[in-house]
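The structure under discussion appears below in the form of structure tokens.
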Amino acid sequence: MKKIYFLLLLIVVSACETKEKQNGVSNINDEAPIAKKTPKELTIHGDTRIDDYFWLRLSDAQKESKNPDAQTQDVLAYLNAENDYLHKAMSHTDAFQDTLYNEIIGRIEKEDQSVPVNDNGYSYYTRFEAGSEYALYCRKKIETDAEEQIIFNGPEMAEGFPYYGIGSQNVSPNNQLMAYAIDTISRRQYKIYFKNLETGELLPDKLSNTGGNAVWANDNKTVFYATQDPETLRHNKIYKHVLGTDQFQDELIFEETDETFNCNVFKTKSKDYLMIVSSQTLSTEYRFLNANTPNAEWEILQPRERDLLYYADHYNDDFYIRTNLNATNFKLVKAPIQTSTKDNWQDVIPHRNNILLQDFDLFKNYLVLSERLNGLTTIRVKTWDDSTDYYIDFKDAAYLAYPTSNLDFDTDKLRYNYTSLTTPYSTYEYNMDTKGQKLLKQQAVLGGFSSNDYVSERLEATATDDTKIPVSLVYKKGIALGAETPLLLYAYGSYGNSTEPTFSSDRLSLLNRGFVYAIAHVRGGQEMGREWYENGKLLNKKNTFTDFINVGEHLVAKGYTSPKHLYALGGSAGGLLMGAIINMKPELWNGVVAAVPFVDVVSTMLDETIPLTTFEFDEWGNPKDATYYNYIKSYSPYDNVEAKAYPNMLITTGYWDSQVQYWEPAKWLAKLRALKTDNNLLVMDCNMETGHGGASGRFERYKRTALYYAFIMDLEGIEK
Numbered sequence: 001m002k003k004i005y006f007l008l009l010l011i012v013v014s015a016c017e018t019k020e021k022q023n024g025v026s027n028i029n030d031e032a033p034i035a036k037k038t039p040k041e042l043t044i045h046g047d048t049r050i051d052d053y054f055w056l057r058l059s060d061a062q063k064e065s066k067n068p069d070a071q072t073q074d075v076l077a078y079l080n081a082e083n084d085y086l087h088k089a090m091s092h093t094d095a096f097q098d099t100l101y102n103e104i105i106g107r108i109e110k111e112d113q114s115v116p117v118n119d120n121g122y123s124y125y126t127r128f129e130a131g132s133e134y135a136l137y138c139r140k141k142i143e144t145d146a147e148e149q150i151i152f153n154g155p156e157m158a159e160g161f162p163y164y165g166i167g168s169q170n171v172s173p174n175n176q177l178m179a180y181a182i183d184t185i186s187r188r189q190y191k192i193y194f195k196n197l198e199t200g201e202l203l204p205d206k207l208s209n210t211g212g213n214a215v216w217a218n219d220n221k222t223v224f225y226a227t228q229d230p231e232t233l234r235h236n237k238i239y240k241h242v243l244g245t246d247q248f249q250d251e252l253i254f255e256e257t258d259e260t261f262n263c264n265v266f267k268t269k270s271k272d273y274l275m276i277v278s279s280q281t282l283s284t285e286y287r288f289l290n291a292n293t294p295n296a297e298w299e300i301l302q303p304r305e306r307d308l309l310y311y312a313d314h315y316n317d318d319f320y321i322r323t324n325l326n327a328t329n330f331k332l333v334k335a336p337i338q339t340s341t342k343d344n345w346q347d348v349i350p351h352r353n354n355i356l357l358q359d360f361d362l363f364k365n366y367l368v369l370s371e372r373l374n375g376l377t378t379i380r381v382k383t384w385d386d387s388t389d390y391y392i393d394f395k396d397a398a399y400l401a402y403p404t405s406n407l408d409f410d411t412d413k414l415r416y417n418y419t420s421l422t423t424p425y426s427t428y429e430y431n432m433d434t435k436g437q438k439l440l441k442q443q444a445v446l447g448g449f450s451s452n453d454y455v456s457e458r459l460e461a462t463a464t465d466d467t468k469i470p471v472s473l474v475y476k477k478g479i480a481l482g483a484e485t486p487l488l489l490y491a492y493g494s495y496g497n498s499t500e501p502t503f504s505s506d507r508l509s510l511l512n513r514g515f516v517y518a519i520a521h522v523r524g525g526q527e528m529g530r531e532w533y534e535n536g537k538l539l540n541k542k543n544t545f546t547d548f549i550n551v552g553e554h555l556v557a558k559g560y561t562s563p564k565h566l567y568a569l570g571g572s573a574g575g576l577l578m579g580a581i582i583n584m585k586p587e588l589w590n591g592v593v594a595a596v597p598f599v600d601v602v603s604t605m606l607d608e609t610i611p612l613t614t615f616e617f618d619e620w621g622n623p624k625d626a627t628y629y630n631y632i633k634s635y636s637p638y639d640n641v642e643a644k645a646y647p648n649m650l651i652t653t654g655y656w657d658s659q660v661q662y663w664e665p666a667k668w669l670a671k672l673r674a675l676k677t678d679n680n681l682l683v684m685d686c687n688m689e690t691g692h693g694g695a696s697g698r699f700e701r702y703k704r705t706a707l708y709y710a711f712i713m714d715l716e717g718i719e720k
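Numbering (the UniProt record's numbering), first residue to last: 1 to 720.
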């Protein structure tokens, strides 16, 4: 519950006549916490950086200690002071935040059920009961009048936990047992449990410090799972566990000793093979084992090579492999199981310069390909004998379509999801024989929503090097577009993750109040093919930032908005983007929301004890190399904060975040507050109970969304 400081509110109200107001936000900067400075010299390559706020970093042991030391107490005091200041600075929006929250969750169907997925004689689904933050996990036999079996009662299991994450669930081949993962800390450190689905009892077996996934061999008693390095959280070992034994007896099957690689285990769609995959940004390596012989020796499919990526599945006597071997945009090949190395790879779908092969799905009679052409996703269906080969048609100018939950190998029915900026998520069952389809479910949007009330557009902005940057945007019909129109611009732009033009019901709270919402498909994603990604990472990373700025300038030039009404939003690596653009072009934005932002890039990438560091050298570069050090330092948001005016800013983080440690945004905030010369609002929300993904509850997470929107709309003078 938010703390209300009545005396402070009276002071602020009485001072409103004399204190400067900017964009409807009272200036209370004089009450902001000031972090102490404890200079620490960080020297490498003959270059010394002074980090005044290095002291904000705590180890996991310090965070988990029941008797906090002096440093821990100081850090907690500072984080809590920032949270108190946020509540003070935003207290005048409390009622509006409640309105937005209730409005957002009011569009969500309270009693809801997922589309059932059929697998091995059962139909699996989740459903929510009214008022529940967590789902019921259920199944039924695929037969007439089958009774529902509740496998997990999410609300009961989560009771008493501030965070409760239910991870992967895997059913044994005989349908009698389930392995499932639970995280109660929000650091993605899962404990795996086993449940007898016939009796409901929990087995005594428990697997700790896992990546969350347990894969069954076909004997119904052996599982394989990955464990994590306790400090870096890198998935580095694969173990074999036999039910009825203690975890300390588990056999180590594989250890990934290269610290730039992660490893994991999965089962092919055919259910005939188990796969261990080691991966990093530029290389993969698969090991395989017949699922019927869990005690046999694993074999390597193709030894790892620098710059060789491949992803494998199984069909009949071959492995089918998506690879970048002599194929920038990837191609599909196959190889016999017993002679699977690249010398034996035969093209199934050759490389094409203008089409990115994103994924593939194997069926008994069909091969389904997920491809990307001109920045848009497509679904291609073809028979194995090549007698049929076609694309499914989609209507919108910008959309996302992709196959989903196709666990049944012997079927002519394809499940796929479709959404656009104006179309809620829709699940279709498509008959690959007849090309007929039926809508199984469309996301319900309560409150009288109609997609016809909104307009979606696709634009192109010109980057500094004349590259054309796609822009997707949506707004409500009838709003006046011009210099006074508020516009929120979003992007991510890293890891080759494409930002798709998808529907969001919570976004309607912005659109219905006159906002334009836009997505900048900047380089660093993969929207325009693999080169789009390559041109936005490593020594090309600044393209991501300048692309975003160029899109903002384009939207201003085309009359969609103006700098006084232009806002930016990004999270995680997208939070790095936010940090870079406010250093490079602060005057272009009236407000910025940086969610769990990766902003202390140099220090994090120099510290191999921090989770994610070692296997991201090929994304950002290794600053132990002077070339990468100098380049990263030239854009790292924390290292480039200057004494100048910055836009209004809301920063968020989670105390238990394992992907972007809380101290990165906390240090950045402290440095910004110490150096900025403006009178704009700078606040941070540090959730002391969650990690990178925020709250685990179905509705609870939208409280932070309501905060985002209230922050932005308050700057526009929108109060209800």
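A virtual CB, placed ideally from N, CA and C, is assigned to each residue, including glycine.
CB residue i to CB residue j, shorter than 8 Å?
i	j	result
T485	V455	no
F549	I581	Reading off the sequence shown, one finds Ile at residue 549, where the question assumed Phe. It is a contact, given that the beta carbons lie within the stated cut-off.
V100	A706	The sequence given here places Leu at residue 100; Val does not occur at that position. Cβ distance < 8 Å, so L100 and A706 count as in contact.
H235	N264	yes
N648	G579	no
K671	Y638	yes
G514	I479	yes
K141	Y124	no
F360	L325	no
R530	T328	yes
S186	W656	yes
Q169	Q228	no
L309	T323	yes
K267	A291	yes
S634	D600	no
Please report the residue range of the alpha helix (DSSP H) in which residue i lies.
i	result
P665	W663 to L675
I632	A626 to Y635
A580	A573 to M584
residue 721	There is simply no residue 721 to check, as the chain begins at 1 and stops at 720 in what is shown.
E534	R530 to E534
A217	Here A217 belongs to no alpha helix (DSSP H), and DSSP marks it neither H nor E.
residue 721	With the chain running from 1 to 720 in the structure shown, residue 721 is simply not present.
Which term fits residue i, buried or exposed, when burial requires 16 or more other beta carbons within 10 angstroms of its beta carbon?
i	result
K558	exposed
N431	exposed
P665	buried
I166	buried
E616	buried
T464	exposed
K624	exposed
V25	Residue confidence for V25 is low, a pLDDT of 43 falling below 50, so the modelled location carries little weight and cannot support an answer.
A296	exposed
T245	exposed
Y78	buried
T18	Confidence at T18 is low in this model, with a pLDDT of 29, below 50, so the placement of that residue is unreliable and no value is reported for it.
Using CA atoms only, rank isn't needed, just tell me which of the options is closest to residue i.
i	options	result
G525	D453, D506, I479 and E619	E619
Y428	T419, K438 and L421	K438
L669	T48, D47, N295 and L56	L56
Y533	R507, T502, L555 and Y495	Y495
P597	K624, E133 and T652	T652
residue 723	K382, T411 and Q358	Residue 723 falls outside the range modelled here, since the chain spans only 1 to 720, and no answer is possible.
E305	E159, K342, G448 and E251	K342
N196	Q149, D69 and V660	Q149
T423	L440, F409, I379 and V445	V445
E608	I276, T48, E231 and A77	E231
L682	G482, K88 and D47	K88
Hey, quick one: how far does the beta strand (DSSP E) through residue i stretch, first residue to last?
i	result
residue 807	The structure shown has nothing for residue 807, since the chain only spans 1 to 720.
F545	First-last for F545: K542 to A557, but that is the alpha helix (DSSP H), not the beta strand (DSSP E).
R704	Careful: R704 lies outside any beta strand (DSSP E), inside the alpha helix (DSSP H) at Y702 to L715.
T72	From DSSP, T72 is part of no beta strand (DSSP E) but of the alpha helix (DSSP H) over A70 to A89.
D168	The question names Asp, yet the displayed sequence has Ser at residue 168. Counting along the chain, the beta strand (DSSP E) containing S168 begins and ends at G165 to V171.
G591	G591 to A595
Y390	D389 to Y391
L367	Y366 to L373
The region 553-568 in contact with the region 533-542 per 3-pair CB rule at 8 Å
At 8 Å Cβ cutoff, the stretches do not touch.
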